[in-house]
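Asks: Can you read through this structure? Questions will come right after.
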Ligand code: SAH
Ligand code: SF4
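Numbering (the numbering used here), first residue to last: 23 to 386.
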């Protein structure tokens, strides 16, 4: 894709309409083009017979469909996870994951190439920041997964027996939990969310989109001020400023007390609970005392804690918490603080399904 071409995935439906009108075409064609892009998931202007040749010629000359190339697609041994390493126009690579836990399909998409936040245990953090993704590059990941579902290559997953009669599954759930910090790329991420939520397109429900942040305080406050109806997950990992700053360098910029104040504002404004993520590292943040201190920190807040046993990375000398420690942590949160929590099963670990790990493995 040349830089001068307009990536159609960058545009909302209204912007697409305005673009066609600028080219002095009827807005009717914009509606058709939109349907080709998001209902038919077209990859080329050559499969758009309902568009007049003059419209297609103009599109070919000035626009592109920012389809991502598949550098690698790997299934986890248990068949629950398919991980894609996708190529961007400038040859950078990002990860997109199709997950199918408990029967529902979720796309996990990236928001940046690399990440500037430097969390010590994270493969993406270890590779550093390269650049923001454009809205179109974020949308293209969802389209990629939607196309894969339509082609039904995942029908062996979770006992889903292929049937000619069963309609292809539609993508319904999306998490911004891939490579990068989404609130560090706020504008592009929100533009992509608007495009993906469009009811005449991919039609993802806002309540089925979850954005995970390392704790970018101004971004959290902006989500609340703009009343963005998506769900929010905050990566906590530690319940004291000193412990957190050792794992998450961004905590030096946005200290824990400011983060918790922002979370409180968010929950009050949005009347929503927040998911708090806690990567469980053996001997580091999995003790009884640490479970109690997160319980105290979250007391009175609408919260659910998502415990994620560490996926080991080469750049960090740590081990995942043992399952007994995870269970003990959960029990304390539930019994002493009435805080619900989940332990994410360590599925897909055999395909390096931790954040950024596939990209690292491939670049070696
Ligand atoms: N930048 C955002 C979203 C991407 S990371 C954020 O940090 O929230 C998504 C989640 O995966 C975060 O909670 C992150 O802390 C966690 N994570 C990253 N590397 C991990 C690893 N090696 N093992 C377990 N969880 C990890
Ligand atoms: Fe960035 Fe999230 Fe990884 Fe931290 S955990 S380095 S914020 S992607």
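Note that the Cβ used here is the ideal one computed from N, Cα and C, for glycine as well.
Between residue 337 and residue 303, how many whole angstroms is the CB-CB distance? I'm expecting something under 8 Å.
Replies: Actually they are not in contact, since the Cβ atoms of residue 337 and residue 303 sit about 14 Å apart, beyond 8 Å.
Asks: The ligand SF4 heavy atoms versus the CB of residue 212: any closer than 7 Å?
Replies: Checking every heavy atom of the ligand SF4 against the Cβ of residue 212, none is found closer than 7 Å.
Asks: Rounded to a whole number of angstroms, what is the C-alpha to C-alpha distance between residue 282 and residue 239?
Replies: Distance between the alpha carbons of residue 282 and residue 239: 9 Å.
Asks: Out of 216, 331, 106, 130, point me to the one whose CA is closest to residue 36's CA.
Replies: Per the Cα distances, 216.
Asks: Mapping DSSP to helix, strand and coil, what is residue 101?
Replies: Three-state DSSP puts residue 101 in coil, outside helix and strand.
Asks: Enumerate in chain order the residues of its own chain whose CB-to-CB distance from residue 260 is below 7 Å, with the five nearest sequence positions on each side excluded.
Replies: Hits under 7 Å: 266, 269, 307.
Asks: Report yes or no: do the stretch 148-165 and the stretch 73-81 share at least 3 C-beta pairs separated by less than 8 Å?
Replies: Taking 8 Å as the limit for Cβ pairs, the verdict is that the stretch 73-81 does not touch the stretch 148-165.
Asks: Out of 237, 243, 313, 231, point me to the one whose CA is closest to residue 252's CA.
Replies: That would be 231, whose Cα lies nearest to the Cα of residue 252.
Asks: Alpha carbons only, please: which of 235, 116, 195 is nearest the one belonging to residue 122?
Replies: For residue 122, the nearest C-alpha among the options comes from 195.
Asks: Since residue 260 is in the alpha helix (DSSP H), which residue starts that stretch and which ends it?
Replies: Note, residue 260: premise wrong, no alpha helix (DSSP H); not H, not E.
Asks: Where the beta carbon is closer than 5 Å to any heavy atom of the ligand SF4, which residues qualify, in chain order?
Replies: Going by the Cβ distance cut-off, the answer is 137, 139, 141, 144, 146, 147, 203, 236.
Asks: Taking the straight line between their C-alpha atoms, what separation do you get for residue 365 and residue 330?
Replies: Going from the Cα of residue 365 to the Cα of residue 330 covers about 6 Å.
Asks: Quick check: residue 390 and residue 170, are their CB atoms within less than 8 Å of each other?
Replies: The requested residue 390 is not part of the displayed model; the chain covers only 23 to 386.
Asks: Sort out for me which residues DSSP pairs residue 331 with in a bridge.
Replies: 302.
Asks: Use the C-beta contact count for residue 49: other C-beta atoms within 10 angstroms, 16 or more gives buried, fewer gives exposed.
Replies: With fewer than 16 Cβ atoms within 10 Å of its Cβ, residue 49 is classed as exposed.
Asks: Taking the straight line between their C-alpha atoms, what separation do you get for residue 40 and residue 67?
Replies: Answer to the nearest angstrom: the Cα atoms are 19 Å apart.
Asks: Quick test of the definition: if touching needs 3 or more C-beta pairs under 8 Å, does the stretch 308-318 touch the stretch 272-287?
Replies: At 8 Å Cβ cutoff, the stretches do not touch.
Asks: Quick one: give me the first and last residue of the alpha helix (DSSP H) that residue 270 is part of.
Replies: Segment: none, residue 270 is in no alpha helix (DSSP H) and carries neither H nor E.
Asks: Please go through the same chain and pick out, in chain order, the residues whose beta-carbon is closer than 6 Å to the beta-carbon of residue 205, but skip the five residues on each side of it.
Replies: Within the same chain, residue 205 has close Cβ partners 235, 238, 241.
Asks: Do you know whose CA, among 142, 112, 139, lies nearest residue 156's CA?
Replies: Nearest of 142, 112, 139 to residue 156, Cα basis: 112.
Asks: If contacts are defined as beta-carbon pairs under 8 Å, then residue 289 and residue 326 qualify, I think. What distance do you get, rounded to the angstrom?
Replies: Contact flag wrong, Cβ pair sits at about 12 Å.
Asks: At a cut-off of 7 Å, would you count residue 345 as near the ligand SAH, judging by its Cβ distance to the nearest heavy atom?
Replies: No, Cβ of residue 345 sits at least 7 Å from all heavy atoms of the ligand SAH.
Asks: Reducing DSSP to helix, strand and coil, say where residue 130 ends up.
Replies: Strand, per DSSP.
Asks: Within the stretch 51-91, note down every full alpha helix (DSSP H) run reaching 4 residues or more, in order along the chain.
Replies: Runs of the alpha helix (DSSP H) inside the stretch 51-91: 75-84.
Asks: Out of 321, 63, 346, which one is the CA nearest neighbour of residue 359?
Replies: It is 321.
Asks: Opposite residue 154 in the DSSP bridges: which residues?
Replies: DSSP, once it has assigned bridges, lists 134 as partnering residue 154.
Asks: Determine the burial state of residue 192: buried for a count of at least 16 other Cβ atoms within 10 Å of its Cβ, exposed for fewer.
Replies: Under this definition residue 192 is an exposed residue.
Asks: Under 8 Å, with one C-beta from each stretch per pair, do the stretch 79-98 and the stretch 127-139 reach the 3-pair mark?
Replies: With the cut-off at 8 Å, the stretch 79-98 and the stretch 127-139 do not touch.
Asks: When the Cα atoms are used, what is the spatial distance from residue 177 to residue 104?
Replies: Per-residue confidence for residue 177 stands at a pLDDT of 47, beneath the threshold of 50, marking its modelled position as unreliable; the derived number appears in the next sentence. So the alpha carbons of these two residues sit roughly 12 Å apart.
Asks: Can the beta-carbon of residue 166 be found less than 8 Å from the beta-carbon of residue 108?
Replies: In contact: residue 166 and residue 108 (Cβ atoms closer than 8 Å).
Asks: If you follow the alpha helix (DSSP H) that residue 42 is part of, which residue opens it and which one closes it?
Replies: Residues 35-44.
Asks: Does the Cβ of residue 48 lie closer than 7 Å to at least one heavy atom of the ligand SAH?
Replies: Checking the Cβ of residue 48 against the ligand SAH gives no.
Asks: Kindly list the residues whose CB is nearer than 7 Å to the CB of residue 208, restricted to its own chain and excluding five residues on each side of it in sequence; keep chain order.
Replies: Correct list, in chain order: 241, 244.
Asks: I believe residue 254 touches residue 233 by the beta-carbon criterion, under 8 Å. Please report the beta-carbon distance rounded to the nearest angstrom.
Replies: Right, the Cβ-Cβ distance comes to about 6 Å (below 8 Å), so this counts as a contact.
Asks: On the DSSP bridge assignment, give the partners of residue 119 in chain order.
Replies: Paired residues: 105, 130.
Asks: When the Cα atoms are used, what is the spatial distance from residue 47 to residue 82?
Replies: Their backbone Cα atoms lie some 15 Å apart in a straight line.
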